[in-house]
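In this note's numbering, the protein residues as written are 691 to 1306.
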Amino acid sequence: MPAREIQTCTRCKDSKRRCDKLKPSCSRCQRANQICIYPEHTLTQSSIEPQTGLLSPSSSSHPSPLETESAPGRIAKKRDRATLSCIRCHRLKVKCDKGQPCCSRCARLGHGRDCMYTHKVQPPFSAGPLVVDGDDAEMIVSLWFQRKRGSGHWRVLMTRLESLSGLGDPPFEWLSMSVRSHMQGDCSKDLALPGNFPFGSTESIPYRSSPEVRRLFETHRHMASTYLESYFALYDSTQVFDNSKFQGEVQQFWQTPDNFDLGWLAQYLAVLGLGASATGVEDKVAAELFFASEACLAQTPFMYRSTVTNIRTLFLHVQAKQVCYATCWALDASWNIVGLIVRLSIMMGLHRSWNPEPDEMPSIFEEREQRKRLWNAVVKMDIQTSLVTGQASPLPADAFLANALDNVQGLPHDSCDLIPISYPLIHEILTRLNTSMEMISYEEVLHYDTEVRRVMRMAVAAAENQNYIIRTTTDIFFRRVLMVLHRYYALDPDAPSVYPTSYWSSLECCLALIVHQRAMMAQCGAFPANVHLIARPFMMDLFAAALTTCIHLLSVDAPLSTTVGSENTIPPRRTIMETLESCLEIFARESGHSVCFGTGYRLMSVVYGLIPKCHT
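Shown next as structure tokens:
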């Protein structure tokens, strides 16, 4: 019987993927920018031998022993089947029910944390939010590691983890395996927004027509007020809106929806999307609002004739990207978008000082005050993005002129007005960490630590009389700055004796961050619904804080009870271990949201397991 003719290309055949057989290059190879090779169909010797009859030996299905011995040895290829069972059940050769997030057998025996799958059963491939150039996972991770980062970036933490014994594979291999499994499965359901949002998302194309946007508004009309309330409950601390004025515009919109321009519609749709996400609806419902907002913004001249409304919309898009798509790629992409927002704001003159004249109209005074608050929000977002990405800030030298003039007139009375006082100092720290060619000295770190803590004490004290979200985000903001400032010296193996201030400050700030995370995830009744979404933009810092705490605990003789160098007494080892255990449970619940969350959870589980338990 003649062999079946192979029509697929070599690359699709080796990876056991479906090939559309297009020539000269199939779609999959063309999309991955790989060389597509089809096997040459040459006639074999058996096909050209003359046939003597139906029962001739050459046509027999059972070759003679002589022919078998003389034939060249064939190598039997083993089928590369997908392992659908979890790793533990597959190793023990027992039946697995393939339950998610863990199978019932592992859950019943108390091995839920160790239950992992190497293959993700998903529908056929569809364009997901992770856009990659080619299929080489190692190349993707290598390019990410090769990016220029500051000395305070958490990549230093990954380097420190490589020196740990018992970790198994280095962090680079962990990330490569995660990206590879993410690419082989259907990544479209892992994340709510694509990686290129809010520029060039294919899902936004249908909403470029007015009837489709009108239909979307009618679909969500009965929930619009609920979405708006949820947005202001969670994100009011950003102060990018005049709440009463915006709510009046919303009421006017529902009375005459055809009289509003696309810029305002893009802003309102972004608010509804964030409000829907805060309400707890499905990600798909919130995503369609974001895509409609992107489509409306794309039809405005925001790139060369931007308005305050456009700046707010882009600001909201970055918030959505960090809340619904909080991964390494999303945060790096947010840094690019924030750079655009900063430049558009400077082009509009938002960074200039606006001192109202005594005889000006109240409306002009309110507008200038709102522009100033919007600029402060943009600067804060730029600082937060630079903190987590380790990238340089695009802020100009005169970006803080308005805040300097305010300091001359007197100290603000609100924490939201106090935080901008720290912007020049924090920008100087980030410039020193992320752009300077020379390593920051320990003496400089001590000086910056004193100045940051001085402003932090004032801001935290001013926030005591405000709501929970403002109090928490104010403390998290300064704790993240201190953690990044001290990270390089705190991770030194001899830090407790050589760099004590960095050691204790790092441990104190890491514990404070994971305690804040535990409080937000607890969902107490006094808090707004889904307050844990506030922590999404800081998820990488929370992972870094938990891993840093684990590294501090890895040494059995590590000092963990002192007040030197920190303002709060460090709790005993048992309390720290209990806090880390609750933090690990939180990461387990978030591990299914994205590839970064899942990798971070598995990595932290291994590091947590290395901590000596004799002192717990």
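For glycine and all other residues, C-beta sits at the position ideal for the given N, C-alpha and C.
To the nearest angstrom, how far is it from the Cα of residue i to the Cα of residue j?
i       : j       : result
Gly800  : Tyr807  : 17 Å
Pro901  : Pro991  : 21 Å
Gly938  : Ala1082 : 39 Å
Thr969  : Leu847  : 35 Å
Pro1114 : Leu1120 : 10 Å
Asn1124 : Arg1058 : 33 Å
Pro819  : Pro1190 : Because Pro819 sits at a pLDDT of 42, beneath the cut-off of 50, its placement in the model cannot be relied upon, and the following sentence gives the value as read from the coordinates. Their backbone Cα atoms lie some 44 Å apart in a straight line.
Leu924  : Thr1017 : 21 Å
Leu918  : Leu883  : 21 Å
Arg839  : Pro888  : 24 Å
Thr849  : Gln1012 : 25 Å
Ser715  : Glu972  : 39 Å
Arg708  : Tyr1298 : 41 Å
Val1296 : Cys1240 : 10 Å
Val1098 : Pro1261 : In this prediction, Val1098 scores a pLDDT of 40, lower than 50, which makes its location untrustworthy; the coordinate-derived value is nonetheless stated afterwards. Straight-line Cα distance between these residues: approximately 41 Å.
Phe936  : Phe943  : 10 Å
Trp1025 : Phe1005 : 12 Å
Cys1273 : Thr1265 : 12 Å
Leu1064 : Lys1070 : 10 Å
Gln1156 : Cys1199 : 22 Å
Please confirm whether any heavy atom of the ligand FAD lies closer than 6 Å to the CB of residue i.
i      : result
Phe931 : With respect to small molecules bound, the structure shown includes none, and the ligand FAD cannot be examined in it.
In or out: residue i buried (at least 16 other Cβ within 10 Å) or exposed?
i       : result
Met1294 : buried
Pro1227 : buried
Ile1224 : buried
Gly885  : buried
Leu712  : exposed
Leu782  : exposed
Gly963  : buried
Ser1281 : buried
Phe1287 : buried
Pro1110 : buried
Lys1062 : buried
Gln1207 : buried
Arg1144 : exposed
Asp1072 : buried
Ala976  : buried
Ile652  : Shown here, the chain extends from 691 to 1306; a query on residue 652 therefore has no answer.
Gly965  : buried
Ser746  : Because Ser746 carries a pLDDT of 42, less than 50, the predicted location of this residue cannot be relied on, and no value is offered for it.
With DSSP run on the structure shown, which of helix, strand or coil describes residue i?
i       : result
Cys796  : helix
Tyr994  : coil
Tyr1189 : coil
Tyr728  : coil
Ser760  : Confidence at Ser760 is low in this model, with a pLDDT of 45, below 50, so its placement is unreliable and the value that follows should be read with caution. Here Ser760 sits in helix by DSSP.
Phe1005 : helix
Cys1273 : helix
Cys786  : coil
Cys1014 : helix
Cys805  : coil
Cys716  : coil
Asp710  : coil
Cys877  : Caution applies to Cys877, whose pLDDT of 49 falls short of 50 and renders its modelled position unreliable; the model cannot decide the point.
Gln735  : Any reading at Gln735 must be qualified, since the residue scores a pLDDT of 44, below 50, and its modelled position is unreliable; the value itself is stated next. In this structure, Gln735 counts as helix in the three-state DSSP scheme.
Cys1286 : helix
Cys699  : coil
Nearest chain B C-beta to residue i closer than 7 Å, yes or no?
i      : result
Asp926 : Although the question refers to chain B, the structure presented lacks it and comprises just one protein chain.
Rank the options by C-alpha distance to the C-alpha of residue i and give the top, closest one.
i       : options                              : result
Arg1263 : Ser1281, Leu1237, Cys702 and Ile1301 : Ile1301
Thr1003 : Cys1018, Ser1035 and Asp1022         : Ser1035
Ala1010 : Ser996, Leu1030, Glu1056 and Val961  : Val961
Met1038 : Asn1000, Gly1080 and Glu1128         : Asn1000
Met993  : Ala1023, Arg694, Ser967 and Val1032  : Val1032
Tyr1138 : Asn1157, Ser1112 and Met1127         : Ser1112
Pro1183 : Leu1243, Thr1163 and Cys1273         : Leu1243
Leu959  : Lys706, Glu978, His1041 and Cys1199  : Glu978
His910  : His1222, Ser927 and Ala982           : Ala982
Ser996  : Arg694, Ala1278, Phe980 and Leu1030  : Leu1030
Asp932  : Trp844, Leu1006 and Glu1056          : Glu1056
Leu1040 : Ala1067, Arg1147, Leu1021 and Thr698 : Ala1067
Arg1147 : Leu1136, Glu1134 and Arg1161         : Arg1161
(request) Report yes or no: do three or more beta-carbon pairs, one from the region 982–989 and one from the region 950–961, lie closer than 8 Å? (result) yes
(message) Count Cβ pairs between the region 1061–1078 and the region 1158–1178 that sit closer than 8 Å; are there 3 or more?
(response) Touching, yes.
(message) When you compare the region 1197–1206 with the region 1230–1242, are there three or more beta-carbon pairs, one atom per stretch, that lie closer than 8 Å?
(response) yes
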